[in-house]
Amino acid sequence: MSYSQFLSHVCMPHAVFLQLKTSSKSNAGSSLGHCSKVPRNVNLEKLRSGYLFPEISRHEFEHLQKNPNASLIRLGIGDTTHPIPDTITQAMAEHVRGLSTIQGYRGYGAEQGNMALRKAIAGKFYQDMGIKADEIFVSDGAQCDISRLQLLLGPNVTVAVQDPSFPAYIDSSVVVGQAGELEEETGKYRNITYMNCGPENNFFPDLSTIPRTDVIFFCSPNNPTGHAASRQQLKQLVEFAKANGSIIVYDSAYAAYIRDGSHRSIFEIPGAKEVAIEISSFSKFAGFTGVRLGWTVVPEELKYSNGFPVIKDFNRIVCTCFNGASNIAQAGGLACLSTHGYQALHNVIDYYMENAKILVDGFESLDLNVYGGKNAPYIWVHFPGSNSWNVFSEILEKTNILTVPGRGFGPAGEEYIRISAFGQREQILEASRRLKVYL
Amino acid sequence: MSLMNNLSTSMISSSSSGFLAPISFNSSRTQSVTVPPKIINIVKCVSTPQEQQTTYKTKVSRNANISKLQAGYLFPEVARRRAAHLLKYPNAQVISLGIGDTTEPIPDVITSAMAKRSHGLSTLDGYSGYGAEQGEKALRAALASTFYGNLGIEEDDIFVSDGAKCDISRLQVVFGSNVTMAVQDPSYPAYVDSSVIMGQTGQFQKDVEKYANIEYMRCTPENGFFPDLSTVARTDIIFFCSPNNPTGAAATRDQLTRLVKFAKDNGSIIVYDSAYALYISDDKPRSIFEIPGAKEVAIETASFSKYAGFTGVRLGWTVVPKQLLFSDGFPVAKDFNRIVCTCFNGASNISQAGGLACLSPEGLEAMQEVIGFYKENTKIIVETFNSLGFKVYGGQNAPYVWVHFPGRNSWDVFSEILEKTHIVTTPGSGFGPGGEGFVRVSAFGHRENVLEACRRFKQLYN
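As you go down the protein sequences, you meet chains A and B in turn.
Using my numbering, the letters of the first sequence correspond one by one to residues 1 to 439.
Using my numbering, the letters of the second sequence correspond one by one to residues 440 to 901.
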């Protein structure tokens, strides 16, 4: 099958398809036709490769080309697999049918989101934390919100990220112009502070070694390591931000996976409202990876150095660069937060976490050091002394299992592999079997 | 009806949205809102002085680009006035011909496809997670064949999105801060505002009501709403919308040929906004790619919003031809793809299912009916203003009527119409200094409301 047919089958990006087809043009543009006089954005030039997950897809494609009969198990890209509970899709279908009626038709919604949904999010997740519906901005997902926040913050802020971390923080930082060039030797972009997170520091940076930055991206439960920060760690983080006058962008996309009572929201920490923005998503919580729904909390108390409320500028960005999440997705979101919906979704999460347990047990039985898998659907496996892309390739070659090389999440991800726990139970069991044999 | 009741209801249109955020900043959630007797043109967001001394501030500087913006985005401002008006006259039958929001139900053939997709997500076979960020293949193919059939635009030149407004900002992110841009004057405010946010502009110059470093291409009745390109300075990017929001003018083949030549000679990139193309009633081009050579100089953005009533469903697309290259030969599509993969995660799969149904033969026919309905509204509005002796533009190829009020301040006219007839319109100056002296009347609305609005216009202006 052709690459484009493959992509349609697995619904993955065309990033490298475009690369393969047009690479010849980029070298000889002027001889092939008109070139504009518009200079390419130097920030985009700084990006060295495609975004991580399309790169994983490319490897998948190539593997399938060579091994067309391979029974591939996908534990790479963290894509949900379980059908969405009926109660939620029924709400969406009902809303949709309403759009064909006079009473039920809705045009433009509030860019900040449907007020009923904003209230439901406030009530469900931020009860007793003093976060109001007005401080919640509904979106089409955390990845999009990260970029909108970067547009908000602009090119002249400095950022810190965990190392390893979800690639969108770094990539969006480069795109917006906050970062310098990529240093080949270290694999780090200049002007970004990388906060090492590993087993040796309990996956929490030693803040005494971290220089001040304007913005600190922090994800907990963490993608890719699976670590959920403790109250103590979060208090330290908030104090650090307060002492430095920094803004934390707290990614809580996996909060629903917490099993051990760790904090779900940064706003459970006193003082956080003055220093933090929280982003979150229905993707992993509700299987909405394709439906597209998330939210960002910007407390009114969060102020720029001149006293101007950050929320006002974020609102301006949302009104100018966005036009609201789909009202259908929002109807689904509301159903997710009903008692029935919420319970049904937690059953799905339990299912994924049972998958995670199977995978963790499997790796542990091989005497490998395994992290995560307890408060997040990701397992972070250490292969000391290894090159993670090599391990990724070997696992793919020898067991037909897709994973994600830790290096894709930052230099400190080297030697690690991320295994995601989404998938059908039989596949997880089969994957566990294959890994035990191979490893 | 109290303010909070009125404005906090769940599915209220965006008209009140911008209002909701600011009201809580003044900390008092009182019911009374002072409506100033004089309507001021410029609304500034300033924090209340007493808060600055007592509350904690971070040490993060506010983004200087955003601080250049003079007021809220235009349409939330209009919504704010509408809401304030409703406070003053709680029993008024306000008719909204301001924000161009669709009002008619979506045809069944489209919603049934979306309902089916929704239900399917609850099944093993029908469940889908992340989709391709560029959009579902079937939809991209259908867009290519429906709109660009014989124009040499292929499926993989098309990027499905959650709407043109979002695409405009993503395009700005692709271009970055070091490009210059030109816009029509007047124009849809998102081009200018996104340019300011990206850092492409200088400060707002109050005397001329323009941002420094943007080339404003005046479009007036005198020049047939097409700029005199011989007076336009070279810029890297040229935003061009046809049929035009707000003037309703649709560019001729000849005009677009000149525009393409201008872009080619200058090495510029046209961002062509074709969101209203299906409203064209005559033989004006519907796509920039109908013009030979356009693929080397243009990007086209489009939307299902005004065709299928998808303003809330959220679906659009952008075409970036493979032939479009930066000055170093690098394909623009590659960078756009990278942005789409990094800053976006695809349009909602349910919306995309709806989009595919829109492009079925039955769907296309159904969309044409809805478009026809709005066009009939437009005709009624045009006739009304004509009969009252106004000079009226647009309305032929777009759902907007551009009414001239010579010598008058457009926010004043807006206020007068609102005050005296309870009709919301959009003041022309909100679209740029070239809009001063005009008011945009949009033709979306239930027929009874449009007819009633026209009755009231006749009463006011007779």
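Note that CB positions come from ideal geometry on N, CA and C, so glycine has one too.
Per DSSP, residue i forms a beta bridge with which residues?
i        : result
Cys219/A : Asp251/A
Leu903/B : The structure shown does not extend to residue 903/B, since chain B is modelled only from 440 to 901, so the question has no answer here.
Ile709/B : Ile677/B and Ala737/B
Asn369/A : His382/A
Val840/B : Gly833/B and Val880/B
Gly423/A : Its beta-bridge partners do not exist; DSSP assigns none.
Tyr416/A : His382/A
Ile401/A : Ile73/A
Taking residue i as the reference, give the member of the options with the closest Cα.
i        : options                                   : result
Ile277/A : Tyr51/A, Arg259/A and Glu300/A            : Glu300/A
Ser669/B : Gly687/B, Phe586/B and Lys700/B           : Lys700/B
Ile136/A : Phe203/A, Gly113/A and Gln143/A           : Gly113/A
Cys336/A : Asp350/A, Ser283/A and Glu274/A           : Ser283/A
Asp596/B : Tyr718/B, Ala580/B and Ser766/B           : Ala580/B
Ile417/A : Gln424/A, Glu430/A, Leu435/A and Glu426/A : Leu435/A
Ile84/A  : Ala747/B, Lys859/B and Arg556/B           : Arg556/B
Ser707/B : Pro685/B, Cys605/B, Ala714/B and Ala737/B : Ala737/B
Gly372/A : Lys66/A, Leu182/A, Leu293/A and Gly198/A  : Gly198/A
Leu402/A : Glu55/A, Lys37/A, Glu239/A and Gly33/A    : Glu55/A
Ala837/B : Lys818/B, Ser849/B and Ala531/B           : Lys818/B
Gly261/A : Ser230/A, Gly413/A, Phe288/A and Leu234/A : Ser230/A
Asn825/B : Pro660/B, Val842/B, Tyr813/B and Gly638/B : Val842/B
Val831/B : Gly876/B, Asp564/B, Tyr813/B and Pro628/B : Gly876/B
Ala690/B : Val635/B, Pro660/B, Arg894/B and Ala603/B : Pro660/B
Ser386/A : Pro411/A, Asn375/A, Leu345/A and Tyr378/A : Pro411/A
Gln602/B : Asp624/B, Phe678/B and Gly574/B           : The question names Gln, but residue 602/B in the sequence shown is Gly. Comparing Cα-Cα distances from Gly602/B to each of Asp624/B, Phe678/B and Gly574/B, the minimum goes to Gly574/B.
Ile247/A : Val215/A, Ser220/A and Tyr257/A           : Val215/A
Pro685/B : Phe896/B, Thr674/B and Gly874/B           : Gly874/B
Gly751/B : Asp140/A, Gln65/A and Lys46/A             : Asp140/A
Glu111/A : Asp145/A, Val157/A, Ile379/A and Ala122/A : Asp145/A
Leu803/B : Val499/B, Arg519/B, Glu516/B and Asp547/B : Asp547/B
Buried or exposed for residue i, please, with buried defined as at least 16 other CB atoms from any protein chain shown within 10 angstroms of its CB.
i        : result
Ile102/A : exposed
Ile428/A : buried
Ala421/A : buried
Asp206/A : exposed
Gly641/B : exposed
Thr81/A  : buried
Lys773/B : buried
Lys576/B : buried
Gln835/B : buried
Pro164/A : buried
Asn590/B : Note that residue 590/B is Leu in the sequence shown here, rather than Asn. With 16 or more other Cβ atoms within 10 Å, it is buried.
Arg777/B : buried
Val437/A : exposed
Tyr528/B : exposed
Arg425/A : exposed
Asn504/B : buried
Thr585/B : exposed
Give me the Cα-Cα distance between residue i and residue j, rounded to the nearest whole angstrom.
i        : j        : result
Asp79/A  : Lys124/A : 25 Å
Ser365/A : Asp128/A : 42 Å
Ser446/A : Leu52/A  : The displayed coordinates of chain A run from 1 to 439. Any statement about residue 446/A would go beyond what the structure contains.
Ala356/A : Gln232/A : 26 Å
Val758/B : Thr740/B : 6 Å
Ala142/A : Ala792/B : 22 Å
Asp134/A : Ser265/A : 17 Å
His63/A  : Glu397/A : 8 Å
Ala431/A : Ala733/B : 51 Å
Ala160/A : Gly245/A : 13 Å
Arg316/A : Arg501/B : 13 Å
Tyr512/B : Ser744/B : 19 Å
Cys893/B : Glu858/B : 15 Å
Thr225/A : Val499/B : 29 Å
(request) Let me know the beta strand (DSSP E) ranges lying completely inside the region 126-209 of chain A, each 3 residues or longer, listed in chain order. (result) Segments of the beta strand (DSSP E) lying fully in the region 126-209 of chain A: 136-139, 159-163 and 192-196.
(request) Run through the region 722-808 of chain B for me and flag every whole alpha helix (DSSP H) of 4 or more residues, listed as ranges in chain order. (result) For the region 722-808 of chain B, the continuous alpha helix (DSSP H) assignments of 4+ residues that do not extend past its boundaries occur at 744-747, 771-782 and 788-797, in sequence order.
(request) Identify every run of the beta strand (DSSP E) within the region 653-696 of chain B, keeping only runs that are complete inside it and at least 3 residues long; order them along the chain. (result) Unbroken beta strand (DSSP E) runs of no fewer than 3 residues, entirely contained in the region 653-696 of chain B, are found at 653-657 and 676-680, following chain order.
(request) For the region 277-347 of chain A, list the alpha helix (DSSP H) runs that are entirely contained and at least 4 residues long, ordered along the chain. (result) Secondary structure within the region 277-347 of chain A: the alpha helix (DSSP H) runs of 4 or more consecutive residues, fully enclosed, are 283-286, 310-321 and 327-336 (chain order).
(message) Please give me, in chain order, every unbroken run of the beta strand (DSSP E) with length at least 3 that falls completely inside the region 607-640 of chain B.
(response) Within the region 607-640 of chain B, the complete beta strand (DSSP E) segments of 3 residues or longer fall at 620-624, listed in chain order.
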